[in-house]
Amino acid sequence: MLKDNPKWKSNTPLSRSSKKLKINESGAYTSSSNADTSIDVDDIEVEVCPIGQKAAKAKAKTKRKGKSNVVEKSKVDEEMEARWVELQEWRNEKLAEVRSLKKSFEMVADHQILTMNTSHMNAEQLENHRLMCNVIKSKYNI
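1 is the number of the first residue of the sequence shown in UniProt numbering; add one for each residue after it.
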């Protein structure tokens, strides 16, 4: 089955052996089940999964384009950098506008507190209003 034995996997005696390998006196690897079979270290192949289809296509594409790809990348990088700077400037402008609006709304709310009708307030509410008015006046140096 392909699931258990991928098609790229080699069929060496090492891969078929389920037991651990040992080194005999001569320095060669041996399987504990087959002590008389010796395998030369130079014959051992490292199993590496082959490159995928997408990676192979990308590699071939870069080989075809050569150095022109590097030039195009630098142009794209410069354009992206310029666009990023523009975006940061726009963001800073919008943040300044938001801060200005926030200050305006705060001033309107403070003005409403200062000019509030206190005729219907009880003693506790009047004291709280007087304290808030003092805080607002100190905030604007009034």
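Glycine included, every Cβ here is placed at the ideal spot set by N, Cα and C. Computed from a predicted model, the values in this text were never measured in an experiment.
Looking from the CA of residue 111, the closest CA among 120, 134, 92 belongs to 134. With a beta-carbon spacing of about 6 Å, residue 126 and residue 118 fall inside the 8 Å limit used to define contacts.
Annotation: residue 78 to residue 85 spans about 11 Å, alpha carbon to alpha carbon. Rounded to whole angstroms, residue 101 and residue 82 show a C-alpha spacing of 29 Å.
Counting along the chain, residue 120 sits inside no alpha helix (DSSP H), nor does DSSP assign it H or E at all.
Contact between residue 113 and residue 142 is absent: CB atoms are separated by about 13 Å, not below the 8 Å threshold.
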